[in-house]
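Visitor: Before we start, here is the structure in question, set down as structure tokens.
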Amino acid sequence: MELELPAPPKVGMVSLGCPKNLVDSERILTKLRSDGYAMSPDYAGADVVLVNTCGFLDSAKEESLEAIGEAIAENGRVIVTGCFGKEAEIIRERFPNVLAVTGAHQYEEVVGAVHVAAPMPPSAYLNLMPDAGLKLTPRHYSYLKISEGCNHRCAFCIIPSLRGDLVSRRPDAILREAEKLVAAGTKELLVISQDTSAYGVDIRKEPRMWQGREIVPHMTDLTHELGRIAPWVRLHYVYPYPHVDQVIPLMAEGLVLPYLDIPFQHASRSVLKAMRRPANEAKVLERIHGWREICPDIAIRSTFIVGFPGETDADFEYLLEWLDEAQLDRVGAFRFEPVKGAAANSLPGAVSEEVKEERYARFMAKSAAISAAKLQAKIGRTLDVIIDSVDEEGGATGRSEADAPEIDGEVHLRDAGHLAQGDIVKVTIEDADEHDLFGVPHGA
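Residues 7 to 450 in this note's numbering are what the sequence shown spells out, letter by letter.
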């Protein structure tokens with residue numbers, strides 16, 4: 007007689023916010039899966055729903071509240087976690103029936119709340135877990151979080167109050183996770199943290215042995231080792247500290263992707279000072295030119311804030327001029343938005359919403375023109391492209407080394423039906439627009 011086991015409880019997940027939150031969600035689901043829980047792709051089939059929230063901006067908080075409300079309306083049994091969980095009173099005031107509220111990266115508390123809300127039947131077998139754990143991204147790329155928290159105290163940011171000061175992971179633990187991810191099919195590792203350049207500051211004097219070598223917890227050493235493990239390694243959230251210069255030769259050698267995601271935020275010295283950011287824009291331009299001399303194909307992406315309190319017309323015009331000089335490859339912008347608890351809220355010189363909108367439109371038009379010119383210059387070149395999807399009509403969509411998933415451009419291919427997701431192929435570029443490239447696989 008076959009033993010009939012009771013079905014394990016099912017957990018649904020809604021993950022909002024940045025890739026760091028996505029990694030938190032993956033860790034939570036991995037632990038729950040190892041405890042025997044099953045995953046539900048929809049509200050109807052879930053015994054409990056987790057909502058991993060973002061609390062960085064008021065608009066993100068509102069999106070989180072909408073997601074919680076939808077989960078309660080569709081399912082009714084909801085556990086809230088993530089950055090917005092730090093403001094549990096707001097969540098409980100709006101939704102008094104949520105089962106539990108926990109803060110960012112409180113994995114054990116979240117898992118414990120699930121065990122209470124949807125207990126495992128005592129006779130259920132534990133399910134075997136893949137070494138790489140559960141993923142919320144496609145199989146061929148993975149986010150690799152190297153630290154939590156941040157030591158900066160930028161005037162517009164409340165991340166340190168949400169996630170605390172910098173806490174770096176052991177380098178051997180990071181490299182072991184990277185190996186498992188690559189063994190499970192990952193082709194591209196996206197290195198993330200609040201401040202990737204500061205990795206190891208808190209554990210600098212604690213080197214670890216890795217494959218017979220001593221690895222110092224430092225951004226350059228870690229990047230070098232990761233480049234030996236994965237075909238593509240992409241660096242995000244890199245502050246332009248002096249030692250970032252040491253990573254550029256690794257890009258020129260092809261060990262890691264020639265891509266830097268640097269949150270410059272502004273260029274005007276007075277605005278940067280008010281933001282509590284490093285204010286040496288001329289030196290930054292000099293270094294960018296130096297990086298391009300070493301690695302001509304380096305792609306630099308950044309984000310900026312327009313309409314920060316005290317930003318004058320002259321400050322904004324200077325930012326546009328700086329952008330012309332810097333010629334950044336990928337650029338995003340935010341209109342300044344007061345965030346509860348941020349020091350910037352009390353600064354004088356508030357910028358009107360009308361002026362913010364006008365500056366935002368001008369900034370994005372400028373950055374789009376720069377992007378379009380840079381992409382036009384790639385027509386006729388052959389680039390390495392990683393395939394994200396293949397359609398039934400013989401087309402495919404991928405990304406070049408200059409494009410991170412979700413935030414940058416894409417490469418659209420014809421005559422590519424023979425390719426598969428995760429393939430890294432040579433592509434001849436035939437056309438371009440403001441954001442994307444169009445081409446054909448080499449030899450097709």
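Glycine included, every Cβ here is placed at the ideal spot set by N, Cα and C.
Rounded to the nearest angstrom, what separates S377 and V104 at their Cα positions?
Guide: Counting from one through the sequence shown, the residue named residue 377 turns up at place 371. Counting from one through the sequence shown, the residue named residue 104 turns up at place 98. One C-alpha to the other measures close to 45 Å.
Visitor: Mind checking N58: buried by the 16 CB within 10 Å criterion, or exposed?
Guide: Residue numbering aside, residue 58 sits at position 52 when the sequence shown is read from its first letter. Classification of N58: buried, given that the 10 Å Cβ count is 16 or more.
Visitor: Which residues in the same chain as A13 place their Cβ atom closer than 7 Å to its Cβ, once the five residues preceding and following it in sequence are excluded?
Guide: The residue you call residue 13 lines up with position 7 of the sequence shown. Cβ within range, chain order: n/a, list empty.
Visitor: Judging by CA-CA distance, which residue of R214, A348, V396, I254 is the nearest neighbour of R176?
Guide: Numbered from 1 along the sequence shown, position 170 holds the residue referred to as residue 176. The option with the nearest alpha carbon to R176 is R214.
Visitor: For R182, name the three-state secondary structure that DSSP assigns.
Guide: Sequence index remark: in the sequence shown, residue 182 carries index 176 (1-based). In this structure, R182 counts as helix in the three-state DSSP scheme.
Visitor: At which residue ranges does the region 70-111 contain complete beta strand (DSSP E) runs of 3 or more residues, listed in the order of the chain?
Guide: Counting only unbroken stretches of 3 or more residues, the beta strand (DSSP E) elements lying wholly within the region 70-111 are 84-88, in sequence order.
Visitor: Threshold first: 4 residues or longer. Then list the alpha helix (DSSP H) segments lying entirely within the region 275-354, N to C.
Guide: 275-281, 287-300, 319-332
Visitor: Classify R214 as helix, strand or coil using the three-state DSSP reduction.
Guide: In the sequence shown, counting from the first residue as 1, residue 214 sits at position 208. Strand, per DSSP.
Visitor: Mapping the DSSP letters down to three states, classify P25 as helix, strand or coil.
Guide: Here residue 25 refers to the residue found at position 19 when the sequence shown is read from its first residue. In this structure, P25 counts as helix in the three-state DSSP scheme.
Visitor: What residue from H441, R159, H146, D227 has the CA that sits closest to R282's CA?
Guide: The count along the sequence shown starts at 1 and reaches residue 282 at position 276. Looking at the Cα atoms, R159 is the closest of the given residues.
Visitor: To the nearest angstrom, how far is it from the Cα of K432 to the Cα of R336?
Guide: Along the sequence shown, read from residue 1 onward, the residue named residue 432 stands at position 426. Along the sequence shown, read from residue 1 onward, the residue named residue 336 stands at position 330. Taking the straight line from one Cα to the other gives about 22 Å.
Visitor: Let me know the secondary structure DSSP gives L168 once reduced to three states.
Guide: Within the sequence shown, numbered from 1, the residue matching residue 168 stands at position 162. The DSSP-derived three-state label of L168 is helix.
Visitor: From W238 to R219, what distance separates their C-alpha atoms?
Guide: Numbered from 1 along the sequence shown, position 232 holds the residue referred to as residue 238. Numbered from 1 along the sequence shown, position 213 holds the residue referred to as residue 219. C-alpha separation (whole angstroms): 22 Å.
Visitor: Along the chain, where does the alpha helix (DSSP H) containing F444 start, and where does it finish?
Guide: Taking the first residue of the sequence shown as position 1, residue 444 is located at position 438. That residue, F444, is in no alpha helix (DSSP H); its beta strand (DSSP E) goes 443-447.
Visitor: Do Y147 and I392 have their beta-carbon atoms positioned less than 9 Å apart in this structure?
Guide: Taking the sequence shown and counting its residues from 1, the one referred to as residue 392 is at position 386. Taking the sequence shown and counting its residues from 1, the one referred to as residue 147 is at position 141. Contact: yes.
Visitor: Leaving aside the five residues before and after V361 along the sequence, list all residues of the same chain whose C-beta is less than 8 Å from its C-beta, in chain order.
Guide: By 1-based counting over the sequence shown, the position of residue 361 is 355. Excluding residues within five positions, the ones whose Cβ falls inside 8 Å are G313.
Visitor: Within a Cβ cutoff of 7 Å, which residues of the same chain sit near H474, ignoring the five residues on either side of it in sequence?
Guide: Residue 474 cannot be examined here, being either before or after the span of the chain that is shown, 7 to 450.
Visitor: Tell me which residue opens and which closes the beta strand (DSSP E) that K151 is part of.
Guide: Position 145 of the sequence shown, counted from the start, is the residue given in the question as residue 151. For K151, the enclosing beta strand (DSSP E) stretches over residues 147-151.
Visitor: Quick one: using the 10 Å Cβ neighbour count with 16 as the cut-off for buried, is P223 buried or exposed?
Guide: Against the sequence shown, residue 223 aligns to sequence position 217. With 16 or more Cβ atoms within 10 Å of its Cβ, P223 is classed as buried.
Visitor: Buried or exposed: R351, going by 16 or more other Cβ atoms within 10 Å of its Cβ?
Guide: Position 345 of the sequence shown holds residue 351. According to the sequence as given, residue 351 is Asn; it is not Arg. Exposed, by the Cβ-count rule.
Visitor: Helix, strand or coil for L56, going by three-state DSSP, please let me know.
Guide: Taking the first residue of the sequence shown as position 1, residue 56 is located at position 50. Taken through DSSP and simplified to helix, strand or coil, L56 comes out as strand.
Visitor: Got a sec, what are the start and stop residues for the alpha helix (DSSP H) G404 sits in?
Guide: Here residue 404 corresponds to residue number 398 of the sequence shown, with the count starting at 1. In the DSSP annotation of this structure, G404 is not part of any alpha helix (DSSP H); the continuous beta strand (DSSP E) holding it starts and ends at 402-406.
Visitor: Under the assumption that A402 contacts A422 (Cβ atoms under 8 Å), give the Cβ distance between them as a whole number of angstroms.
Guide: Working through the sequence shown from its first residue, we reach residue 402 at position 396. Working through the sequence shown from its first residue, we reach residue 422 at position 416. The pair is a contact, with the Cβ atoms about 4 Å apart (cut-off 8 Å).
Visitor: Can you give me the Cβ contacts of D414 inside the same chain, cut-off strictly under 6 Å, excluding the 5 residues immediately before and after it?
Guide: Walking along the sequence shown from the start, residue 414 turns up at place 408. In its chain, beyond the 5 residues on either side, R336 have a beta carbon closer than 6 Å to the beta carbon of D414.
Visitor: Please return the same chain residues whose Cβ sits closer than 6 Å to the Cβ of G109, not counting the five positions on each side in sequence.
Guide: Counting from 1 along the sequence shown, the entry for residue 109 is found at position 103. If we look at G109 and ignore the five residues flanking it on each side, its Cβ neighbours are G91, K92.
Visitor: Report the rounded CA-to-CA distance for E416 versus R100, giving the unit in angstroms.
Guide: The count along the sequence shown starts at 1 and reaches residue 416 at position 410. The count along the sequence shown starts at 1 and reaches residue 100 at position 94. Looking at the two C-alpha atoms, the distance is approximately 40 Å.
Visitor: Check the C-beta distance from Y43 over to V17 and give it rounded, since I have them as a contact under 8 Å.
Guide: What you label residue 43 is simply residue 37 of the sequence shown in a count that begins at 1. What you label residue 17 is simply residue 11 of the sequence shown in a count that begins at 1. Rounded, the Cβ-Cβ distance is 5 Å, consistent with contact.
Visitor: Quick one: what does DSSP say I268 is sitting in, helix, strand or coil?
Guide: As a first step, residue 268 must be located in the sequence shown, where it is residue number 262. Note: I268 maps to coil in three-state DSSP.
Visitor: Would you call L265 buried or exposed, if buried means 16 or more other Cβ atoms sit within 10 Å of its Cβ?
Guide: In the sequence shown, residue 265 corresponds to position 259, counting from 1. According to the sequence as given, residue 265 is Tyr; it is not Leu. Under this definition Y265 is a buried residue.
Visitor: Determine the closest residue to P144 out of H448, H418, H424, E412, with distance taken between C-alpha atoms.
Guide: Start at 1 with the first residue of the sequence shown, and residue 144 comes out as number 138. Selected option, being the one with the closest Cα: E412.
Visitor: DSSP state of A50, grouped into three classes?
Guide: Here residue 50 is taken as the residue at index 44 of the sequence shown, counted from 1. The answer is coil: DSSP assigns A50 none of H, G, I, E or B.
Visitor: Quick check: the Cα distance between H418 and D442, rounded to an integer number of angstroms?
Guide: Walking along the sequence shown from the start, residue 418 turns up at place 412. Walking along the sequence shown from the start, residue 442 turns up at place 436. Roughly 8 Å between the two C-alpha positions.
Visitor: What residues in its chain sit with their C-beta under 7 Å from that of A52, if we drop five residues either side in the sequence?
Guide: Taking the first residue of the sequence shown as 1, we reach residue 52 at position 46. Excluding the 5 residues flanking it on each side, A52 has same chain C-beta neighbours closer than 7 Å at K16, V17, G18, S46, N81, in chain order.
Visitor: Would a C-beta distance cut-off of 9 Å place V188 and I235 closer than the cut-off?
Guide: As a first step, residue 188 must be located in the sequence shown, where it is residue number 182. As a first step, residue 235 must be located in the sequence shown, where it is residue number 229. Closer than 9 Å, so yes.
Visitor: From what residue to what residue does the beta strand (DSSP E) around V222 run?
Guide: For the purposes of this step, residue 222 is taken as residue 216 along the sequence shown, with counting starting at 1. Note, V222: premise wrong, no beta strand (DSSP E); not H, not E.
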